[in-house]
Every structure is written in C-alpha cells, then in structure tokens.
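Asks: Handing you a structure now.
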Amino acid sequence: MKKIAILGSTGSIGTQALDIIREHPDQYEAYVLTAHNSVEKLIAQAREFKPEVVVIANEQHLPTVREALADLPLKVFGGADALCDVVQMSDIDIVLTAMVGFSGLRPTIAAIEAKKTIALANKETLVVAGELITTLAQQHHTPILPVDSEHSAIFQSLGGERLDRITRIILTASGGPFRHFSADEMLHVTAVQALKHPNWEMGAKITIDSATMMNKGFEMIEAKWLFGVSPSQIEVHVHPESIVHSAVEFCDGSVKAQLGVPDMRLPIQYAFSFPDRLPLSGERLNLFKAGCLHFERPDFQRFDCLQIAYDAAERGGNMPCIVNAANEVVNLAFRQGRISFPDIARLIRRAMDEAQFVTTPTLETYLQSDADVRHLVESYIHQ
Ligand code: MG
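Residue numbering for the sequence shown follows our numbering, beginning at 10 and increasing consecutively.
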C-alpha cells in the first residue's frame, strides 16, 4: 500500500489522481490532501478519502475547513508553510506536486529533502529552479518521476536505455486553439476562446499557457533538466491529434515513442506504479479510427512564448525564473480581460530586459526574483 500526499488535490491533476486511487483502493491511499482556495471541494474529498491530514494553503479558510471536518479523525492545518511540513511526514511514500505555478517550489524542496518519491506535475518548479532541484534530488537519492504526459512518454521510451545515448527528443504539442490563426486574428482573441483546448481538459492557467505555447516552452526546459539534454536537442513537433505523446531518438537513429489516447490518468498512474504497470479503465487507442497522424514545425513568430523559453534556457541563471513569474502575472491578467493576447509575450520580453539578472542564483535569489518580477509586471499592466 503506497501512501500518497496530493498537493493541489482539487485541481485537474489532483482530482484525476484521486480517480486512480478510487480505481486501486488496494494499492494506494490518499494520505494528505491540500488545496489553496477550493474549500468545498477539499471538504468533500476529505469526507470521501479520509486522509490523515488536510491542508488549506490560504489560512483565511482554516476555521471553515476545521469546523466542517470536526467529526472526522484527521488533522487540519492552514498556511503555505504547513505544506512544507506535512510532505516530510514519515509514512508518506509519494508526493504528487500538482499545485499551480511557483508555489510548488518550496514544498517540492521539502519533499526531496525528506527523500520522498516525487511525482512531478508542477513543471514550474523545474522551469524556475531546475539545477537546484535536480542537484538536490541527486544528493538525497530522491527519484523525480514525471507526470506531464510528454515527459512520461519520454520516460517510458527510456526504459532500458542510457541517457547518454539520447541524440534528440521530439516533444509533441497539440498547437492549441490558435494553431491556424493569423497574427492579425490573434490580436483579438479572448480568454473564453483560449480556454477551449482542442484535446486536453486542464486547469485555466495551463490552458492559456497551451494557447500561447509557453506551456511547450516550459516543457522543453522541464525535459532539459529531467533527461540531461540541451535545449538544442529538444525539437518541438506540432502534432494536432495528441496521440504520439513524445519520442526519443538514440545515437543509432532508432526512435522510440509512447502513444495513447489523451488521458492524463495514464501518466499519473504510471508515476504511482513505476516500475510496474497497473490496469486502467477507459478508451483504448484505435489507430484505424485515427487514420492519419500529422506533424508540423511550430511557428516561432506567431508563438513568441516558445522562442522566449528557448532564449531563457540559453541565457540560464534566473532568467527562466523571471519568465515564469512574468508569465504567471500576464496569464492571469489575460484571463481577467486586462491585457490582449499579444501583450502576453510582449510584457514577458519587457520583463526579461528590465528585471535583475543573476548568473548563479540560489533559492533566495529565486524567491526574491519571483516577488520582484511580479511587482514589475503588475506595474506594466497598470501603466
Ligand atoms: Mg504536457
């Protein structure tokens, strides 16, 4: 029986992780559930799964959650610091990091230090502090298992292989809802349009990141750290069917890919069951029905966020942290209708030029950069 801490249990990944636990109650136990603001959902989950511990990160809601769960034998904590404490509880086997954005960094570090297997869904952690996280994981012999579907595909393709035999990673992208839009049409797209992803059901933040292709840029940086390859070895292929979830080319020219219907429960379950596999309900891949699979080069002009990610990875230091913080602010501002779609890349570029660059950042640098850049980019929006 593996005991799992789900950080961000009320989000898209969190609720699908609970589906997996529901499907395999003899294998997995939800030991910790946490949410930021989704009080009602968290309370309902706690009643169903009866974890040991529940954390509501926004401390304001602590009295509500405590009162609602007073009749259950579980502990309820509040505040972001509580996340860092609970992931270190001795009984936990796996920590699934499924919260949104930069907030994932500190709890992930705490879990690595406590030698918990990390099922990593919070890609921003590696984008911001990939070097720090991977070094720490090596020092503590903590495995980091990818939950992102592309990285799970790469990881599955690497079974029995050596990392130093990789020559290229083919990172597939659906292309998002604006794949065929002209630059002019993209001037006027709305958040409602951007939130309609063609293939995947996801949370609002990542769906906007998919529409700008910043998500793919971040995944490139995530792959760089997870698999020890350089950005120039990672080639984004737009693949509108989302069936080939990514592929790896080796030094002899052989290419291995992982295929399947788009269903996030598979990579979540694989991170839980690795190195084993378990049965999973749901639709099976039907290649006759798919008929053709298409692959296109991404358009780095129309999707400047993808180029931004390559530029940030190239520059190194705290530049990916600057880009991530700027992106979190403009992503939300676009959803709130405060800026246009092209403003997203434009304002991130401006932050890259104006924010304080640090060549060899520490954790403190990241925390400071993140706070400073949020402030800076807010000031651009208010001008
Ligand atoms: Mg992905």
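Think of the CB as a built atom: it goes at the ideal place given N, C-alpha and C, for glycine as much as any other residue.
Looking at glutamate 228 and the ligand ATP, is the gap between the Cβ and the nearest heavy atom below 7 Å?
Replies: Within the structure as shown, the ligand ATP is missing, the only ligands being the ligand MG.
Asks: Can you find the residues in the same chain that come closer than 6 Å, C-beta to C-beta, to isoleucine 243, ignoring five residues on each side of it along the sequence?
Replies: Closer than 6 Å at Cβ, skipping near neighbours: Ile178, Leu180, Met229 and Ala232.
Asks: On the DSSP letters alone, give me the boundaries of the alpha helix (DSSP H) that histidine 160 sits inside.
Replies: 158-166
Asks: At a cut-off of 7 Å, is serine 166 close to the ligand MG when judged by its beta-carbon and the heavy atoms of the ligand?
Replies: no
Asks: Counting only the same chain and skipping the five closest in sequence on each side, list residues whose C-beta sits under 7 Å from that of arginine 171.
Replies: Scanning its chain for C-beta atoms nearer than 7 Å, with the 5 sequence neighbours on each side dropped, one finds no residue around arginine 171.
Asks: Count the other CB atoms, across all protein chains shown, that sit within 10 Å of the CB of histidine 391; report buried if there are 16 or more and exposed otherwise.
Replies: exposed
Asks: Measure the CB-CB distance between glutamine 54 and leucine 71 and report whether it falls below 8 Å.
Replies: In this structure, glutamine 54 sits away from leucine 71, with a CB-CB distance that is not shorter than 8 Å.
Asks: Label asparagine 46 either buried or exposed according to how many other C-beta atoms from any shown protein chain fall within 10 Å of its C-beta, with 16 as the threshold for buried.
Replies: The residue in question, asparagine 46, is exposed, as its Cβ has fewer than 16 Cβ neighbours within 10 Å.
Asks: For a minimum of 4 consecutive residues, which ranges assigned as the alpha helix (DSSP H) are wholly contained in the stretch 83-145?
Replies: 89-95 and 114-122
Asks: Using the DSSP secondary-structure output, state which residues sit across from cysteine 243 in a beta bridge.
Replies: Contrary to the premise, residue 243 reads as isoleucine rather than cysteine in this sequence. Note: isoleucine 243 sits in a beta bridge opposite Ile178.
Asks: For proline 276 and histidine 149, what's the separation of their Cα atoms in angstroms?
Replies: 24 Å
Asks: So the candidates are Met328, Ala321, Asp272 and Pro271; which of them puts its Cα closest to the Cα of serine 241?
Replies: Considering only alpha carbons, the answer is Ala321.
Asks: Which of the three DSSP states is assigned to histidine 384 in this structure?
Replies: helix
Asks: Under a Cβ-count criterion, where at least 16 other Cβ atoms within 10 Å of its own Cβ denotes burial, should lysine 205 be classed as buried or exposed?
Replies: exposed
Asks: Can you check DSSP and say which residues form a bridge with tyrosine 37?
Replies: Lys11
Asks: Could you have a look at isoleucine 153 and say whether DSSP puts it in helix, strand or coil?
Replies: strand
Asks: Sorted by chain position, which residues of the same chain lie with C-beta nearer than 8 Å to isoleucine 331's C-beta, five sequence neighbours on each side aside?
Replies: Ala321, Ala360, Met361, Ala364, Phe366, Ser378 and Val382
Asks: Output yes or no for whether 8 Å exceeds the beta carbon distance between phenylalanine 281 and lysine 11.
Replies: yes
Asks: Is any heavy atom of the ligand MG found at a distance shorter than 7 Å from the C-beta of glutamate 159?
Replies: yes
Asks: Could you tell me whether the Cβ atoms of tyrosine 319 and leucine 356 are closer together than 8 Å?
Replies: No.
Asks: Distance, Cα to Cα, glycine 184 vs alanine 203?
Replies: 12 Å
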